[in-house]
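Peer 1: Numbering (the numbering used here), first residue to last: 3 to 815.
For glycine and all other residues, C-beta sits at the position ideal for the given N, C-alpha and C.
1) Taking the alpha helix (DSSP H) that residue 440 falls in, what are its first and last residues?
2) Output the distance between the C-alpha atoms of residue 403 and residue 17, rounded to the nearest integer angstrom.
3) What would DSSP say about residue 272, mapped onto helix, strand or coil?
4) Measure how close the beta-carbons of residue 458 and residue 423 come, nearest whole angstrom, since I'm counting them as under 8 Å.
5) Among 515, 521, 632 and 516, which residue has its Cα nearest to the Cα of residue 503?
6) What does DSSP give as the partner residues of residue 479 in its beta bridges?
7) Given a cut-off of 8 Å on the beta-carbon distance, is the pair residue 559 and residue 654 in contact?
8) Nearest-angstrom Cα distance between residue 94 and residue 20?
9) Is residue 21 helix, strand or coil by DSSP?
10) Give, in chain order, every unbroken run of the alpha helix (DSSP H) that is at least 4 residues long and sits entirely within the stretch 282 to 341.
11) Could you check how far apart the C-beta atoms of residue 379 and residue 325 are, in whole angstroms? I think they sit under 8 Å.
12) At what residues does the alpha helix (DSSP H) containing residue 104 begin and finish?
13) From this set, 284, 206, 210 and 244, which residue's C-alpha is nearest residue 228's C-alpha?
14) Using the C-alpha atoms, what's the distance from residue 644 back to residue 829?
15) Do residue 692 and residue 727 have their beta-carbon atoms positioned less than 8 Å apart in this structure?
16) Among residues of its own chain, excluding the 5 on either side of residue 175, which ones have a beta-carbon nearer than 8 Å to its beta-carbon?
17) Excluding sequence positions up to five away, which residues of its chain have a Cβ less than 8 Å from the Cβ of residue 783?
18) Check for me: the beta strand (DSSP E) holding residue 241 runs from which residue to which?
19) Do you know how far the Cα of residue 342 is from the Cα of residue 373?
20) Need the endpoints of the alpha helix (DSSP H) that residue 257 sits in, please.
21) Within the same chain, show all residues whose beta-carbon is closer than 7 Å to that of residue 68, passing over the 5 residues directly before and after it, in chain order.
22) Taking just the CA atoms, how far does residue 84 sit from residue 389?
23) Around the Cβ of residue 494, are there at least 16 other Cβ atoms within 10 angstroms (buried) or fewer (exposed)?
24) Residues in the same chain with beta-carbon distance under 6 Å from residue 368, minus the five sequence neighbours each way, listed in chain order, please.
25) What residue range is occupied by the uninterrupted alpha helix (DSSP H) comprising residue 60?
26) Spatial neighbours of residue 507 within its chain, please: CB distance less than 7 Å, with the 5 preceding and 5 following residues excluded, ordered by chain position.
27) Taking only three categories from DSSP, how would you classify residue 657?
28) Measure the C-alpha to C-alpha separation of residue 382 and residue 106 and round it to an integer number of angstroms.
29) Is it true that the stretch 231 to 246 meets the stretch 203 to 215, where meeting means three or more beta-carbon pairs spaced less than 8 Å apart?
30) Consult DSSP for residue 484 and reduce its assignment to one of helix, strand or coil.
31) Which same chain residues end up closer than 8 Å to residue 317 when comparing Cβ atoms and leaving out the 5 residues on each side of it in sequence?
32) Run the CB neighbour count on residue 440, radius 10 Å, all protein chains shown included, and call it buried at 16 or more, exposed below.
33) Report the residue ranges of all alpha helix (DSSP H) runs contained in full by the stretch 755 to 806; include only those spanning at least 4 residues, in chain order.
34) Just curious, the beta strand (DSSP E) that residue 507 is in, first and last residue?
35) So, residue 391 versus residue 467, is the Cβ gap smaller than 8 Å?
36) On the DSSP letters alone, give me the boundaries of the beta strand (DSSP E) that residue 372 sits inside.
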């Protein structure tokens, strides 16, 4: 396999197969679960680094085994110890990250934070070092029985993927850490030969299993102090009403007197809102659960909200509200007279949490005029169904300065050109797509949303200049995109609505400069100038390129709505460090660049330096020639430059990052493993050429082919993912073992170096792929992966001798 994670095993008896099954399940469950832990404790842009640290551990284990083959002579004791080591270091490393938290907002103010990040990275790679070494020992011990134990490894990996997305519902993400460790301790029990070893392993297993179901307080997730839930729990009378987990999120409901939210209210609002509770997903983004018995109770306040406007333009509307969370937008639609409201809420745990408040308030999801669909918005919009008068994209996120970067790497397939166009196609003629965004200075996310609406309207054949209206309050922007031009009567109605509630008109087809910036007065009419400038630009690309931030409209190939960073900001960001809140800017980009440096340093120190330090390694490099190592470097880049964009792209099809990671990673590992069994029968040059063509075919044909699958049920989309990725995964498993077998015959002393180069490059490539996707898009990264496979095939010709017929896999030897 090209990324160095060898998920194979040799025969070590039935106990060895059982132990391998358990250890494989523990490893995959822990790796995937870490993404959930980071998404909750920190922010999303740290979740993807689990791939990198897993690669670091497995890469280091391959080098260790290559330099110390004597470990395999009596593997029973090290196998049990390594499995137990995984269990203990997994829990210990997790506890370290929560008790000594990394503060990403202080990295340029407090250099010690970089040390903490490096400490977390290295500590979390140790469990994977233990697991990788154990798997390698099984391979080296008895290669003759590879088929049986290989099946155990694949089955365990599949179970681990399944466990990672099902067990959190019962024990939470923290519990899955302990559950993974408990499985590893059970593997140690299976491997142990002596009674003392068995007793220790059993005791550790039972203790960890107990902890998984009765979590010690010391092991609870430590939330970043910058998350909304952290703030809410500091209120004097704050009370946690609900906490629950599912496979892809944590939901909390907090009651506290200061929790009050009337998003988009005008200055004409009189009176306080009803009592509210705060609903948080992954510890952030407060969404109010409002105490009401009837929608009419909210009518006086709903009348002075920005989101009342579309219902005034479309009385008795059939409305669709996407991602309503706590349900406030549903109450507004009902209070404003919508005849029927369809709520598309992607998170069943959110619906459950809101329904549990039924003894305190009426539940909007259960109102007789509300129809509930629990699924992602894009699949719902992709299916044929009723057309709507109003489609509202709720704004679930609370205000975040764009310099915070908390959501820079978060894929958002709802707010792309294709996502907006899908919504426009589900509107009746004259229907309204409603988008609400926070105001930023200078205009950023609202300007990006306006540009998105422009591009989507053009895609469905409408004229943006005649079909767009934008109105703002003091803190929010409402954008209306109409199927067909706005009529003069509608434009007059919009003007009256805005003036009566002290809202400012920002753009309308017939707007005059003297109409803007009248009520919520800014030093200059920046929003009007930005919207008008973008709309009237002769060269839109040049206009966007000249803007201080990147506000270009996202697409399904570049789904990063929250990423506004340009490299020209770096000087300003560093100058502000320590002087303003959330100083590092660049939408989290600079912290990820720092993570790239940490990953590179760790790969060099833990993988390459041990080879340089070993006398045998230096001699082999001098005798064998470094050119023979180039294909292994190319393969390390290629594998990750295919895997990472696939993980990100399939979020569109599967709806949730956790589902995408479990399915895509599990499928690629499974079929790459099967491909490695075929490696002795396939020439590396042919395999890499075929891979390059298949990857490019995925990019050119399959990339767009996901769209027609969106309307299928989730089980069908999961099946389509596995079937679609199986051929690619099989091919991806061929080149690495095939080239390694050739190297074993031609220059066996270079085999440790091949492992080291492949492992080190893979560690760096996993982070680099995510950064490149932010700059150039997912398809571009995939294309570079195809080119690297071609490079591996061309440079692989420097290794002349073919593998001997029937030879076992190289690591087994």
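Peer 2: According to the data block:
1) As a position in the chain shown, residue 440 is number 438, starting the count at 1. Where residue 440 is concerned, there is no enclosing alpha helix (DSSP H), although the beta strand (DSSP E) it sits in stretches over 429 to 440.
2) Reading the chain shown from its first residue, position 401 is the one you call residue 403. Reading the chain shown from its first residue, position 15 is the one you call residue 17. For residue 403, the predicted structure reports a pLDDT of 46, less than 50, and the residue's modelled location is therefore unreliable. The matter cannot be settled from this model.
3) Locating residue 272 in the chain shown gives position 270, counting from the first residue. It is coil, neither helix nor strand.
4) For the purposes of this step, residue 458 is taken as the residue at position 456 of the chain shown. For the purposes of this step, residue 423 is taken as the residue at position 421 of the chain shown. Confirmed, Cβ separation roughly 4 Å.
5) Locating residue 503 in the chain shown gives position 501, counting from the first residue. For the residues 515, 521, 632 and 516, the minimum Cα distance to residue 503 belongs to 521.
6) Reading the chain shown from its first residue, position 477 is the one you call residue 479. Looking at the DSSP assignment, residue 479 forms a beta bridge with 439 and 474.
7) Here the question's residue 559 lines up with position 557 in the chain shown. Here the question's residue 654 lines up with position 652 in the chain shown. No. Outside cutoff.
8) Your numbering for residue 94 matches position 92 in the chain shown. Your numbering for residue 20 matches position 18 in the chain shown. Roughly 25 Å between the two C-alpha positions.
9) Within the chain shown, residue 21 is the residue found at index 19, counting from 1. In the structure shown, residue 21 sits in a helix (DSSP, three-state: H, G or I).
10) 301 to 304, 311 to 315 and 330 to 337
11) Stepping through the chain shown from its first residue, residue 379 is reached at position 377. Stepping through the chain shown from its first residue, residue 325 is reached at position 323. Between residue 325 and residue 379 the Cβ distance is about 6 Å, and since that is below 8 Å, they are a contact.
12) In the chain shown, residue 104 corresponds to position 102, counting from 1. Residue 104: not part of any alpha helix (DSSP H); DSSP gives it neither H nor E.
13) Here residue 228 corresponds to residue number 226 of the chain shown, with the count starting at 1. Nearest C-alpha to residue 228: 284.
14) Within the shown structure, residues of the chain are numbered from 3 to 815, placing residue 829 beyond reach of any answer.
15) By one-based count along the chain shown, residue 727 stands at place 725. By one-based count along the chain shown, residue 692 stands at place 690. Cβ distance not < 8 Å, so residue 727 and residue 692 don't count as in contact.
16) Along the chain shown, one-based indexing puts residue 175 at 173. Cβ neighbours of residue 175 beyond the five flanking positions: 35, 38, 39, 42, 223, 247 and 252.
17) Your numbering for residue 783 matches position 781 in the chain shown. 643, 646, 647, 771, 774 and 775.
18) Here residue 241 corresponds to residue number 239 of the chain shown, with the count starting at 1. It spans 241 to 247 - the beta strand (DSSP E) in which residue 241 sits, taken as one unbroken run.
19) Along the chain shown, one-based indexing puts residue 373 at 371. Along the chain shown, one-based indexing puts residue 342 at 340. In a straight line, the C-alpha of residue 373 is about 8 Å away from that of residue 342.
20) On the chain shown, residue 257 is found 255 positions in, with the first residue counted as 1. Here residue 257 belongs to no alpha helix (DSSP H); instead the beta strand (DSSP E) covers 252 to 257.
21) For the purposes of this step, residue 68 is identified with residue 66 of the chain shown, where counting begins at 1. Same-chain partners within the cutoff: 753, 754 and 757.
22) As a first step, residue 389 must be located in the chain shown, where it is residue number 387. As a first step, residue 84 must be located in the chain shown, where it is residue number 82. Roughly 59 Å separates the two Cα atoms.
23) Taking the chain shown and counting its residues from 1, one reaches residue 494 at position 492. So residue 494 counts as exposed.
24) For the purposes of this step, residue 368 is identified with residue 366 of the chain shown, where counting begins at 1. Taken in chain order, the list of residues that qualify is empty.
25) What you label residue 60 is simply residue 58 of the chain shown in a count that begins at 1. Counting along the chain, the alpha helix (DSSP H) containing residue 60 begins and ends at 51 to 69.
26) By 1-based counting over the chain shown, the position of residue 507 is 505. Correct list, in chain order: 473, 497, 500, 513, 517 and 518.
27) Here residue 657 refers to the residue found at position 655 when the chain shown is read from its first residue. Reduced to three states, the DSSP call for residue 657 is coil.
28) To locate residue 382, count along the chain shown from 1; it is residue 380. To locate residue 106, count along the chain shown from 1; it is residue 104. For residue 382 and residue 106, the gap between their C-alpha atoms comes out near 36 Å.
29) No, the stretch 231 to 246 is not in contact with the stretch 203 to 215.
30) The residue labelled residue 484 in the question sits at position 482 within the chain shown. DSSP places residue 484 in strand when its eight states are reduced to three.
31) As a working note, residue 317 is residue 315 in the chain shown. Cβ within range, chain order: 339.
32) What you label residue 440 is simply residue 438 of the chain shown in a count that begins at 1. Counting Cβ neighbours within 10 Å, residue 440 comes out buried, since at least 16 surround it.
33) List check, alpha helix (DSSP H) in window: 780 to 797.
34) Within the chain shown, residue 507 is the residue found at index 505, counting from 1. Start and end: 506 to 509.
35) Position 389 of the chain shown, counted from the first residue, corresponds to residue 391. Position 465 of the chain shown, counted from the first residue, corresponds to residue 467. With contacts defined as CB atoms closer than 8 Å, residue 391 and residue 467 fail to qualify as a contacting pair.
36) On the chain shown, residue 372 is found 370 positions in, with the first residue counted as 1. Note, residue 372: beta strand (DSSP E), 372 to 375.
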